[in-house]
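Chemist: This is the structure I have questions about; it appears just below.
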Amino acid sequence: MDFGYPVLTSLIVFPLVAAAGLFLIKSPQVARAYTFGASILELILGLPLLTYQFNADFQFMEKAHWVPQWGLEYALGIDGISYLMVLLTLAILPLCVLCSWTYIGKRVKEFHFCLLFMTSACVGVFSSLDLVLFYVFWEAMLIPMYLLIAVWGGDQRRYASLKFFLYTLAGSMFLLVAIVAFRVTGGTFSIPELMHTHFSFDFQFWAFLALALAFAIKVPMFPFHTWLPAAHVQAPSAGSVILAAVLLKMGTYGFLRFCLPLTPDASVYFAPMMIAFSIASILYGGAIALGQTDIKKLVAYSSVGHMGFVTLGIFLFNLRGVEGALFQMLNHGIITGALFMMIGTVYERSHSRDISANMGLGKYLPAFMGFWGLYALASMGFPGTNGFVGEMLVFTGAFQHSPYVGALIVPGALLGAAYMFRVTIKLAWGRPSTAKTWRDLNSREWAYLVIPALFVFYIGLAPKLIFDVIDPSVEKLVSDLAPHIATSQTLAAQPVPEAVAAVSAPAAVAAVESPVEPVNN
Amino acid sequence: MEFNPIQIVPELYQLLLIVALFFQSLGAGPDRPGGAETPPAERWLPYFAGFGIFVNIVSWNAQGLIFGDVYKIDALSQFFKLAIAAGFYVAVLNAARQPSLAERKRPDYFMFLALSAWGLMLLSSAVELITIYIALELSSYSLYAVIALRDNDKRAAEAAIKYILFGAVATAIALFGFSYILASQNTSYIAQLAQRPWSFQAQPMAVVGLSLFMGGMFYKLALFPFHFWCPDVYQGASNETAGFVATLPKLGAVVVLVRLAALLKPGLEITTLLAVLGAISMTFGNLCALAQKDVKRLLGFSSVAHAGYLMVGLVAGTAMGLAAAAFYALAYVAMNLLCFWVISRVATDGRNLQLDDLNGLYRRAPALAFALAVGAFALVGLPPTIGFAGKLFLATAAWNHGYNWLVITLGVNSAIAIFYYLSLVRHAYTHEAGENPPVPDNSPFSLCGAGLLAAVVLLFGIMPSGLFDYAVRAGQQLLP
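Residue numbers (my numbering), protein chains in the order written: chain A, 86 to 606; chain B, 857 to 1336.
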């Protein structure tokens, strides 16, 4: 479809242009308003995305030669896996501007520069169809995030930002080596073309490990999660929001976009390990969150747990699991993003993130507490909220996969309820109340808290639209994987000729797809 | 082929500059009795050095093999000559405001710089071992003198002596190796050497000889184990001189190594030796750099590491590999010129910058801090900078040519290197200035220079294909 302009490119370029324009502005207040205007304009530029067709193809494709000698292409496109992430990125930007309106007092221009730069890089990550282009955006987003933490962060910002940077960049170096290996072995940097290339198991083995390390750090999966609490706690409110809502998703997006389609045999081979790590993340994140006294740290550890659900869903290799993973990615972005904004809101009043300094808000800040209660319920997966849909799907997938896996994550969901109730009860009714002189939410705070709430209910009550968007792509992903699962199982049973494995493949496809139908959402 | 002076216009032009500077250095300077009528060299030299770039562009397409087949003018040599001319221009601009150099020494100083650049230009066309040797010496000797020129600083004298001693030893080793090559292969022309066998089994003497001869280049390049001078010289020399020593001579070394790499097929002992040295060099350089507090010393160890990265392209044994090495050398020069430009502009009193001196640079000179950040991130190899493009090309060219472990070492090393490059940015952006910070130069001259260099680093990072095309053309001439 033609809209008179390249949609994805303009979504990437416009924030950069707007960011450059910031340097012409003197007053901080104007800079805020200007960035807010730019973020709205960015949303308007993204309107053509609403014409997305519900199929598994890449859409809004753009292609141009970049470095022809190396076959580097500037190729963009989105499918059901990346579409929602792009929308999420676009929607988070205005909220970030609003929630740092008074939170950020110094170097305001530069702060908004970082936000805009970040948005551009994130849209780029989710829409690039060329490995190197992907890598460029992947790395480009590190710098503004580093600065967001290192310049506008809390007391230990240097430690946290350095840890974040070193950890993620160390992972990315392996990603780079894997990209080079894919280019030389597969002959192209183009992701769609590589999806049709078959790689030897040996190659897949190492490529998967390199990719998985980079993505597992980003997600972050236990035991690579230690940078996340530090980064979240020290980051400014908007930084935490972007970190939670968009950056963590890049890791799981990487699993879906690269590991599963490009290294299917290795993914199947390593699936038990990845499932084990995911369960560890869920249980460990939940258990640690239970013991936190810092609200932000608590939500940060809860992120580890929630992202564990996502990776678990991905490596179950069944339709419900992957659907659940995508739902959980979107939901975690909305809910945790909102929770971090709320923490910023209350921090502006108490100047502390400690639970004991923010108790008894229920009587004095009813609107705040109402929103907090809503997001806390959504976070633990209460029916009627979006969190429920995602968790439910992952549970379904897990039990389909194996009752043991399902049984192991039940305590994870319980832990989620436990730590969320614990902090919510203290915030609402804890004594002595510290909130007697605080004012309740103002209209700006209402604005940025109501919007996620709408999505919490919309996705919670009527998820059909999201299913329509993601299902074709997810079905394609899962059915592409099915023969590999069959092959590896047959091979594991006894070494049989290729032909037998090929014959058993269609049966496996049917086996994967048939139990899916009766499950009701 | 008939000799035609048109072919060597860039060299002749550079020689003209040297002669002019020489005559000026004879004349009375402003602080001599009866002086003051001679205009200082830095008034006119930048314009003429800038015109040198134009001269190089004009003679871009020159071809030829002259002076008894020892001097080859091809795509590779013109590529590097242009880079040397551009680097010389930036170095001259950079040194024009040198605080630690007496007025009357300036013509001599610039003459030596020009002479060194001229030697490097000759080096990029030399295709015969003795010619290479002479050109190498020409570029080295002038640097020996330049390094000591820093007021009456003892560290500079120490650095100069170290550089001379190391240089002398490396030269002696190279000559010794050359005698072995000549004795066993009976020729000193690279074109003929390329026809001979280079395996240790067939020609043990030649392999030893070539390894030793390359030692001379490794010394210029500061590759392990010939790197010991590097951090000390950077630290001892003035900021501006270090900016020259750190950048242009590497181009000369790389061009010779690229030519010699035509002899190196993957799997040969000597190729493996190069790969091993490269791996040690990058690891050693990066690990040492982690502990540095002096910015120039840090960049010194960083250049040891970068010498190691360059080896990745050289051992690939393909035209793409050579092109990637050439491209990376250029990227390295651009990134380092940018960093040294910022260092020289921040340390306006000519001091040696410590990392703590960068504290709060963001407030004192936002544009310079930004340029430093671009330079540091480029040295890390983050996109969208030229450093990333270079590293990507190196890794892609070398993968599946028998040295995958080297590519992985490159990846691991880039991860190690983040810490210390990032600390440049960290100090500039997140620390508050302490007592007695240096007063940065925020004049339009300083900001324009930083802006242009940063633009080059970013622009060729985003669109490397044009530049890379030339590198590939040069590489294909050597290894069709």
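All C-beta atoms, glycine included, are put in the ideal place defined by N, C-alpha and C.
Applying the 10 Å Cβ sphere with the 16-neighbour rule, what's the burial state of MET358(A)?
Modeler: Taking the first sequence and counting its residues from 1, the one referred to as residue 358(A) is at position 273. So MET358(A) ends up on the exposed side.
Chemist: Compare the Cα-Cα distances from LYS194(A) to each of LEU232(A), LEU161(A), ALA206(A), VAL395(A) and report the closest residue.
Modeler: Counting from one through the first sequence, the residue named residue 194(A) turns up at place 109. For LYS194(A), the nearest C-alpha among the options comes from LEU232(A).
Chemist: Would you call the CB atoms of GLY1322(B) and PHE1244(B) closer than 9 Å?
Modeler: As a working note, residue 1322(B) is residue 466 in the second sequence. As a working note, residue 1244(B) is residue 388 in the second sequence. Not closer than 9 Å, so no.
Chemist: Using 8 Å for Cβ pairs, my map puts ILE373(A) next to TYR386(A). What's the rounded Cβ distance?
Modeler: Along the first sequence, one-based indexing puts residue 373(A) at 288. Along the first sequence, one-based indexing puts residue 386(A) at 301. The pair is a contact, with the Cβ atoms about 5 Å apart (cut-off 8 Å).
Chemist: Are SER564(A) and ASP164(A) touching if we call contact CB-CB under 9 Å?
Modeler: For this step, residue 564(A) is matched to residue 479 along the first sequence. For this step, residue 164(A) is matched to residue 79 along the first sequence. No. Outside cutoff.
Chemist: Considering just the uninterrupted stretch of the alpha helix (DSSP H) at PHE1084(B), what are its terminal residues?
Modeler: For the purposes of this step, residue 1084(B) is taken as residue 228 along the second sequence, with counting starting at 1. Per DSSP, PHE1084(B) belongs to no alpha helix (DSSP H) and is neither H nor E.
Chemist: Flag ASN912(B) as yes if its beta-carbon sits less than 9 Å from any beta-carbon of chain A, otherwise no.
Modeler: Taking the first residue of the second sequence as position 1, residue 912(B) is located at position 56. So no, ASN912(B) is outside the interface.
Chemist: How many whole angstroms separate the CB atoms of SER1158(B) and LEU1235(B), which I take to be in contact at a CB cut-off of 8 Å?
Modeler: Residue 1158(B) sits at position 302 when you count from the first residue of the second sequence. Residue 1235(B) sits at position 379 when you count from the first residue of the second sequence. That belief holds up - the Cβ atoms of SER1158(B) and LEU1235(B) are roughly 6 Å apart, short of 8 Å.
Chemist: Within 9 Å (strictly less), CB to CB, does PRO153(A) reach chain B?
Modeler: Working through the first sequence from its first residue, we reach residue 153(A) at position 68. Yes, PRO153(A) counts as interfacial toward chain B.
Chemist: Identify each residue in the stretch 1258–1277 of chain B for which the Cβ-Cβ distance to at least one residue of chain A is less than 9 Å, and report them in chain order.
Modeler: ASN1260, VAL1263, ILE1264, LEU1266, GLY1267, VAL1268, ASN1269, SER1270, ALA1271, ILE1272, ILE1274, PHE1275
Chemist: Pull up the distance between the alpha-carbon of THR378(A) and that of ILE428(A), whole angstroms please.
Modeler: In the first sequence, residue 378(A) corresponds to position 293, counting from 1. In the first sequence, residue 428(A) corresponds to position 343, counting from 1. Distance between the alpha carbons of THR378(A) and ILE428(A): 13 Å.
Chemist: Tell me the rounded alpha-carbon separation between GLN319(A) and LYS448(A).
Modeler: The residue labelled residue 319(A) in the question sits at position 234 within the first sequence. The residue labelled residue 448(A) in the question sits at position 363 within the first sequence. Their Cα atoms are separated by approximately 29 Å.
Chemist: Hey, out of GLN954(B), GLY908(B), LEU978(B), PHE1100(B), whose CA is closest to TYR1000(B)'s CA?
Modeler: If you number the second sequence from 1, residue 1000(B) lands on position 144. Selected option, being the one with the closest Cα: PHE1100(B).
Chemist: Would you kindly work out how many angstroms separate the C-alpha atoms of LEU978(B) and ASP1007(B), rounded to a whole number?
Modeler: To locate residue 978(B), count along the second sequence from 1; it is residue 122. To locate residue 1007(B), count along the second sequence from 1; it is residue 151. Distance from the CA of LEU978(B) to the CA of ASP1007(B), rounded to the nearest whole angstrom, comes to 31 Å.
Chemist: Use the C-beta contact count for TRP1255(B): other C-beta atoms within 10 angstroms, 16 or more gives buried, fewer gives exposed.
Modeler: Residue 1255(B) sits at position 399 when you count from the first residue of the second sequence. Buried: at least 16 other Cβ atoms inside 10 Å.
Chemist: Does the CB of GLU224(A) have a neighbour CB from chain E at under 9 Å?
Modeler: Among the protein chains of the structure shown, namely A and B, there is no chain E.
Chemist: Tell me where the alpha helix (DSSP H) around GLY943(B) begins and ends.
Modeler: By 1-based counting over the second sequence, the position of residue 943(B) is 87. Annotation: the continuous alpha helix (DSSP H) that includes GLY943(B) extends over 931–951.
Chemist: Using the Cα positions of GLN138(A) and LYS303(A), report the straight-line distance between them to the nearest angstrom.
Modeler: As a position in the first sequence, residue 138(A) is number 53, starting the count at 1. As a position in the first sequence, residue 303(A) is number 218, starting the count at 1. Spanning the two alpha carbons is a distance of roughly 30 Å.
Chemist: Based on DSSP bridge pairs, tell me the residues matched to ALA149(A).
Modeler: As a working mapping, residue 149(A) is identified with position 64 in the first sequence. Partner(s): TYR159(A).
Chemist: Over what stretch of residues does the beta strand (DSSP E) that includes SER920(B) continue unbroken?
Modeler: As a working mapping, residue 920(B) is identified with position 64 in the second sequence. A small correction: the amino acid at residue 920(B) is Gly; Ser does not occupy that position in the sequence shown. Run containing GLY920(B): 920–922, per the beta strand (DSSP E) assignment.
Chemist: Does any CB atom of chain A fall closer than 9 Å to the CB of TYR835(B)?
Modeler: In this structure chain B extends from 857 to 1336, so residue 835(B) is not present and cannot be described.
Chemist: Using a Cβ-Cβ cutoff of 7 Å, what residues of the stretch 1296–1322 of chain B are near chain A? List them in chain order.
Modeler: Answer in chain order: PRO1320, SER1321.
Chemist: Just mark HIS317(A) as buried or exposed, buried being the case when its beta carbon has 16 or more other beta carbons within 10 Å.
Modeler: As a first step, residue 317(A) is located in the first sequence; it is residue number 232 there, counting from the start. The residue is buried, with at least 16 neighbouring Cβ atoms inside 10 Å.
Chemist: Quick check on PHE473(A): buried or exposed, where buried means 16 or more other Cβ atoms within 10 Å of its Cβ?
Modeler: One-based indexing of the first sequence puts residue 473(A) at position 388. By the 10 Å Cβ count, PHE473(A) comes out buried.
Chemist: Based on the DSSP secondary-structure assignment, which residues constitute the bridge partners of GLN144(A)?
Modeler: Looking up residue 144(A) in the first sequence gives position 59. DSSP, once it has assigned bridges, lists ILE163(A) as partnering GLN144(A).
Chemist: Between VAL395(A) and the rest of its own chain, which residues show a CB-CB distance below 6 Å, the 5 nearest in sequence each way excluded?
Modeler: One-based indexing of the first sequence puts residue 395(A) at position 310. Within the same chain, VAL395(A) has close Cβ partners THR337, ALA410, GLN413, MET414.
Chemist: Give me the subset of the stretch 1218–1238 of chain B whose CB atoms are less than 7 Å from a CB atom of chain A, sorted by chain position.
Modeler: Of all residues in the stretch 1218–1238 of chain B, only PHE1233, LEU1238 come within less than 7 Å of chain A when Cβ atoms are compared, listed by chain position.
Chemist: Apart from the five residues just before and just after LEU949(B), which ones in its own chain have a Cβ nearer than 7 Å to its Cβ?
Modeler: Indexing the second sequence from 1 puts residue 949(B) at position 93. The residues are PRO902, GLY1305.
Chemist: Counting only Cβ-Cβ distances shorter than 9 Å, please list the residues of the stretch 528–544 of chain A near chain B, keeping chain order.
Modeler: none
Chemist: In its own chain, which residues sit with a C-beta less than 6 Å from the C-beta of SER972(B), not counting the 5 before and 5 after it?
Modeler: Translated into positions along the second sequence, residue 972(B) becomes position 116. In the same chain as SER972(B), and ignoring 5 residues on each side of it, the C-beta atoms closer than 6 Å to its own belong to SER995, SER998, LEU999, in chain order.
Chemist: Given a limit of 8 Å on CB to CB distance, which residues of the stretch 392–405 of chain A reach chain B?
Modeler: none
Chemist: Which of the three DSSP states, helix, strand or coil, is assigned to ASN1354(B)?
Modeler: Summary: the structure shown does not reach residue 1354(B), with chain B confined to residues 857 through 1336, and so no result is reported for it.
Chemist: So, for LEU877(B): in the same chain, excluding its five sequence neighbours on each side, which residues have a beta-carbon less than 7 Å away from its beta-carbon?
Modeler: On the second sequence, residue 877(B) is found 21 positions in, with the first residue counted as 1. Cβ neighbours of LEU877(B) beyond the five flanking positions: ALA897, PRO963, PHE966, MET967, ALA970.
Chemist: Give me the Cβ distance between GLY1092(B) and ARG1011(B), rounded to the nearest whole Å; I'm assuming they're in contact under 8 Å.
Modeler: Residue 1092(B) sits at position 236 when you count from the first residue of the second sequence. Residue 1011(B) sits at position 155 when you count from the first residue of the second sequence. Confirmed, Cβ separation roughly 4 Å.
Chemist: Taking only the alpha-carbon atoms, compute the straight-line gap between TRP900(B) and THR1043(B) and give it to the nearest angstrom.
Modeler: Stepping through the second sequence from its first residue, residue 900(B) is reached at position 44. Stepping through the second sequence from its first residue, residue 1043(B) is reached at position 187. So the alpha carbons of these two residues sit roughly 45 Å apart.
Chemist: Put LYS191(A) into one of helix, strand or coil per three-state DSSP.
Modeler: Against the first sequence, residue 191(A) aligns to sequence position 106. Correct three-state label for LYS191(A): coil.
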